[in-house]
Amino acid sequence: MDLAQGAAEDINKETCTPQTIWKSIKNKDFDRKIRAFLWMSMHRGYKAGDYWSKFPDFNDWAICKECEITESMGHILTRYDAPGHEKVWELASQLWRKKTGEDMELIFGVILACGAIKKKSRGESRLYRILLSESAYLIWKLRCERVIGGKPGASDQEIENRWRWMINNRLEIDRLLTNTKWGKHTIQKLLVLQTWCNTLANKDRLPEDWTGKAGVLVGEG
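Read in the working numbering, the sequence shown has 146 at position 159, and its numbers run on one by one without any break.
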């Protein structure tokens, strides 16, 4: 909690309470799996690192095999030497730089607090929390597939394919939810346009309002 509060205060330049952080996890821009992931990460609810130190027969499980230090969620998400970690953040940072011209803050507290962090506009704030939360969750999934599932480390190309599928799927969901037939689940069209502005492939060929057009994709860095 302290890490999340401190990160939000540093970026927002205003006081951030624990209640603000807890409320931010329920942000409607997060789907159920992301809310659960952030909540569990905040509570140290995942079986990683120190959790295994309590069991003498499983002490080895507490150690990150890639880095040979005690594993933690902060380590997994921000300081991991495992396959895929660097590539995922490289792709997320490239897209953020494409939209804003700025670097992305890649520290654990920022990831936990991403729902409470405010950028220059609603669209920037929304893309920021989508990029951080979805990319962090992908890194966690890759880690579990390798460490728990026994799968070999994925190649950079496989990682990029999965990341692009993830972010384009999120874009497509946003596009579809601008249709008012979804009732209370409808997303304001202007907010979706602001969120993805300056991130799309072939943007010069797209209409100003592209939300009714299928096949719109996020561009490369």
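Yeah, the Cβ is synthetic: ideal placement off N, Cα and C, and Gly gets one too.
The model shown is predicted, which means the values in this text are computed figures rather than measured ones.
If you draw a straight line from the alpha carbon of residue -6 to that of residue 7, how long is it in whole angstroms? One-based indexing of the sequence shown puts residue -6 at position 7. One-based indexing of the sequence shown puts residue 7 at position 20. Roughly 13 Å between the two C-alpha positions.
For residue 104, name the three-state secondary structure that DSSP assigns. Here residue 104 is taken as the residue at index 117 of the sequence shown, counted from 1. Coil.
Sub-8 Å separation of residue 100 and residue 28 beta-carbons: On the sequence shown, residue 100 is found 113 positions in, with the first residue counted as 1. On the sequence shown, residue 28 is found 41 positions in, with the first residue counted as 1. No, these two residues do not count as a Cβ contact at 8 Å.
Which residues share a DSSP beta bridge with residue 50? As a working note, residue 50 is residue 63 in the sequence shown. Answer is 57.
Residues in its own chain within less than 7 Å of residue 36 by CB, not counting five upstream and five downstream? Counted from its first residue, the sequence shown places residue 36 at position 49. Only residues of its own chain outside the window of five on either side were considered, and among them 49, 57, 58, 59 have a CB closer than 7 Å to the CB of residue 36, listed in chain order.
Give the single residue among 66, 81, 104 whose Cα lies nearest to the Cα of residue 127. Position 140 of the sequence shown, counting from 1, holds the residue named residue 127. Residue 66 is the option with its Cα nearest to residue 127.
Residue nearest to residue 84 in terms of C-alpha spacing, selected from 68, 115, 94: Here residue 84 refers to the residue found at position 97 of the sequence shown. Comparing alpha-carbon positions, the option among 68, 115, 94 lying closest to residue 84 turns out to be 115.
Residue range of the alpha helix (DSSP H) that includes residue 29: Within the sequence shown, numbered from 1, the residue matching residue 29 stands at position 42. It spans 19 to 29 - the alpha helix (DSSP H) in which residue 29 sits, taken as one unbroken run.
How should residue 188 be labelled, buried or exposed, when 16 other C-beta atoms within 10 angstroms of its C-beta is the threshold for buried? Counting from 1 along the sequence shown, the entry for residue 188 is found at position 201. Looking at its Cβ environment, which holds fewer than 16 other Cβ atoms inside 10 Å, residue 188 is exposed.
Using the rule of at least 16 other Cβ atoms within 10 Å of the residue's Cβ for burial, across every protein chain shown, is residue 160 buried or exposed? One-based indexing of the sequence shown puts residue 160 at position 173. Flag for residue 160 reads exposed.
Is the Cβ-Cβ distance between residue 76 and residue 112 less than 8 Å? As a working mapping, residue 76 is identified with position 89 in the sequence shown. As a working mapping, residue 112 is identified with position 125 in the sequence shown. No, these two residues do not count as a Cβ contact at 8 Å.
Across which residues does DSSP place residue 205 in a beta bridge pair? Residue 205 sits at position 218 when you count from the first residue of the sequence shown. Its beta-bridge partners are 187.
Return the first residue and the last residue of the alpha helix (DSSP H) that residue 70 is part of. As a working mapping, residue 70 is identified with position 83 in the sequence shown. Element bounds for residue 70: n/a, residue is neither H nor E.
Mapping the DSSP letters down to three states, classify residue 38 as helix, strand or coil. Within the sequence shown, residue 38 is the residue found at index 51, counting from 1. DSSP places residue 38 in helix when its eight states are reduced to three.
Length of the line joining the Cα atoms of residue 2 and residue 47: Walking along the sequence shown from the start, residue 2 turns up at place 15. Walking along the sequence shown from the start, residue 47 turns up at place 60. If I take the Cα positions, the gap works out to 40 Å.
Residue 166 (DSSP reduced to helix, strand or coil): The residue given as residue 166 occupies position 179 in the sequence shown. Coil.
How about the segment 177 to 186 and the segment 80 to 95: do they share at least three Cβ pairs that are nearer than 8 Å? yes
Whole angstroms are fine: how far does the CA of residue 73 sit from the CA of residue -12? As a position in the sequence shown, residue -12 is number 1, starting the count at 1. As a position in the sequence shown, residue 73 is number 86, starting the count at 1. Take the alpha-carbon of residue -12 and the one of residue 73: they are about 25 Å apart.
Given residue 51, which residues of its chain have a CB within under 6 Å of its CB, disregarding the five upstream and five downstream residues? Translated into the one-based positions of the sequence shown, residue 51 becomes position 64. Closer than 6 Å at the Cβ level, and outside the excluded window around residue 51, lie 58.
Can you tell me whether residue 201 is buried or exposed? The criterion is at least 16 other CB atoms within 10 Å of its CB, across all chains shown. One-based indexing of the sequence shown puts residue 201 at position 214. Answer is exposed; the Cβ neighbour count stays below 16.
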